[in-house]
Amino acid sequence: MPEQDVTGLIAVERRRAADLFASLTDEQLDSQSLCAQWSVRDIAAHLIGPFVISVPRFLAGSLVSGSMHRFSARETRRLAQRPIADIVATLRANASTPFAPPGTGPLAPLADLAVHTRDAARPLGLNATATPRAWRATLDFLASARAGRGFVRRGRLTGLRLTATDLDWTAGGGAEIRGPGEALALAVTGRTVALADLTGEGVATLRARLA
Numbered sequence: 028m029p030e031q032d033v034t035g036l037i038a039v040e041r042r043r044a045a046d047l048f049a050s051l052t053d054e055q056l057d058s059q060s061l062c063a064q065w066s067v068r069d070i071a072a073h074l075i076g077p078f079v080i081s082v083p084r085f086l087a088g089s090l091v092s093g094s095m096h097r098f099s100a101r102e103t104r105r106l107a108q109r110p111i112a113d114i115v116a117t118l119r120a121n122a123s124t125p126f127a128p129p130g131t132g133p134l135a136p137l138a139d140l141a142v143h144t145r146d147a148a149r150p151l152g153l154n155a156t157a158t159p160r161a162w163r164a165t166l167d168f169l170a171s172a173r174a175g176r177g178f179v180r181r182g183r184l185t186g187l188r189l190t191a192t193d194l195d196w197t198a199g200g201g202a203e204i205r206g207p208g209e210a211l212a213l214a215v216t217g218r219t220v221a222l223a224d225l226t227g228e229g230v231a232t233l234r235a236r237l238a
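As numbered in the numbering used here, residues 28 to 238 make up the sequence shown, in order.
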């Protein structure tokens, strides 16, 4: 997909995320997201990281912290102290700002947005979700080798065939896992709640790998 098209998809999803967070009460913002250690407010804070943390600082911080995940978690907690109005304004102001994390490429931020928006919205019973085109691009990324850098643990999809029943999309080979594209994306990135939305002989294998 041309990078210009990716930037357009990301802009739509950043604005969608901003609208979601702006609509929530403090109680909703402080509720548990699908990410075990993050609240919905933490998810919102995480999504502005690329605009307030430079790449050199991120790389240096990850080195000092021992991993990019540890550094990201620490910075997310710090950014979550900002007023939600500031977080929302930052998302909107940077909706079209291009960002390609080192080693993962321009589709990584789209996958991050699509999955994390559902991390926030699904536990709250809200329907905010990415467009079908964005989910298709997200799945293309998650099924690629680049997703092994922070999104999908290496070996998790080995011997599995993923089929999106709503997107005319498939990838991989072996035991099949079928279901909506959103559920596939959530499941392969470790959200076990989405396994209930999937069918096929490969579901048991993926469930075991996520345990």
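Beta carbons are placed, not taken as given, at the ideal position from N, Cα and C, and that holds for glycine. This one's a predicted model, so the numbers in the text were calculated from it and none came from an experiment.
request  = List in chain order: all unbroken alpha helix (DSSP H) runs of 4+ residues lying wholly within the segment 145 to 184.
outcome  = 159 to 169, all fully within the segment 145 to 184.
query = The beta strand (DSSP E) spanning Leu189 covers which residue range?
reply = That run of the beta strand (DSSP E) goes 187 to 191.
task = Taking only heavy atoms of the ligand NAP into account, decide whether any of them is closer than 7 Å to the Cβ of Pro150.
result = With respect to small molecules bound, the structure shown includes none, and the ligand NAP cannot be examined in it.
key: In DSSP terms, what Ser99 is bridged to   = Listed as beta-bridge partners of Ser99 by DSSP are no residues whatsoever.
message = Below 8 Å, how does it come out for the segment 106 to 123 and the segment 56 to 76: are there three or more Cβ pairs, yes or no?
response = Output reads yes: the segment 56 to 76 touches the segment 106 to 123.
ask   = Does the distance from the CB of Arg188 to the CB of Gly217 come in under 8 Å?
value = No.
For Thr103 and Leu194, the rounded distance between their alpha carbons = Approximately 33 Å between the Cα atoms of the pair.
ask   = What are the start and end residues of the alpha helix (DSSP H) that includes Gly206?
value = Looking at the DSSP string, Gly206 is not in any alpha helix (DSSP H); the run it does join, the beta strand (DSSP E), is 202 to 206.
task = Figure out for me which residue from Leu169, Arg41, Thr185 has the closest Cα to the Cα of Gly76.
result = The candidate whose alpha carbon is nearest that of Gly76 is Arg41.
inquiry  = Could you check whether the segment 212 to 226 touches the segment 141 to 149, counting it as contact only if at least three pairs of C-beta atoms, one from each stretch, sit closer than 8 Å?
reply    = They touch, by the three-pair rule.
message = Once the 5 residues before and after Pro125 are set aside, which same chain residues still bring their CB inside 6 Å of it?
response = Within the same chain, Pro125 has close Cβ partners Thr34.
task = Hey, could you find the ends of the beta strand (DSSP E) Gly199 is sitting in?
result = Residues 196 to 199.
message = Considering only their Cβ atoms, is the gap separating Arg205 from Leu225 smaller than 8 Å?
response = Leu225 is a Cβ neighbour of Arg205, given a cutoff of 8 Å.
ask   = Given a threshold of 16 other Cβ atoms within 10 Å of its Cβ, counted over all protein chains shown, does Ala120 qualify as buried or as exposed?
value = So Ala120 ends up on the exposed side.
query = Whose C-alpha, out of Ile111, Gly175, Trp196, Ala147, is nearest the C-alpha of Trp162?
reply = That would be Trp196, whose Cα lies nearest to the Cα of Trp162.
ask   = Would DSSP call Thr131 helix, strand or coil?
value = Residue state, collapsed to three classes: coil.
request  = Pull up the CB-CB distance for Leu47 and Ala148, whole angstroms please, since I reckon it's below 8 Å.
outcome  = Between Leu47 and Ala148 the beta-carbon gap is near 6 Å, inside 8 Å, which marks them as a contact.
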